[in-house]
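Undergrad:
Structure (structure tokens):
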């Protein structure tokens, strides 16, 4: 199983970015796809989750600004990030959670928001 995250970059505060994560080598057995982020000097934190049933959940810090979605047929998850703030600066990672095979991580994509 491999996860490839992309879409990171540098934007000014108030701007938008859309992250993508494509999972290959897995077709079934997916229970959820999750975005995490890790800012410099801080612990990795959960940003958003989407389950196989389509339920979503968000960290309080991104509610109303970020939207997680998916394209099931392509095993792809997206994170639309609007109204970005400097505190959103981090490396963003996607994680694939499976029912029986454990979890798989992508390599991360850097998001930098300048004030």
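In our numbering, the protein residues as written are -8 to 106.
Yeah, the Cβ is synthetic: ideal placement off N, Cα and C, and Gly gets one too.
Here the structure is a predicted model, which means the values were calculated and not measured.
Does any C-beta atom of chain D lie closer than 9 Å to the C-beta of residue 67?
TA: Included in the structure is just one protein chain, with no chain D present.
Undergrad: Whose CA, out of 78, 90, 95 and 91, lies closest to the CA of residue 102?
TA: Locating residue 102 in the chain shown gives position 111, where the first residue counts as 1. Residue 102 has its Cα closest to that of 78, out of 78, 90, 95 and 91.
Undergrad: Between residue 43 and residue 22, how many whole angstroms is the CB-CB distance? I'm expecting something under 8 Å.
TA: Translated into the one-based positions of the chain shown, residue 43 becomes position 52. Translated into the one-based positions of the chain shown, residue 22 becomes position 31. About 6 Å separates the two Cβ atoms, so the contact holds.
Undergrad: Could you tell me which residues DSSP puts in a beta bridge with residue 0?
TA: Sequence index remark: in the chain shown, residue 0 carries index 9 (1-based). According to DSSP, residue 0 bridges with 102.
Undergrad: Please state the DSSP three-state secondary structure of residue 79.
TA: Numbered from 1 along the chain shown, position 88 holds the residue referred to as residue 79. Helix, per DSSP.
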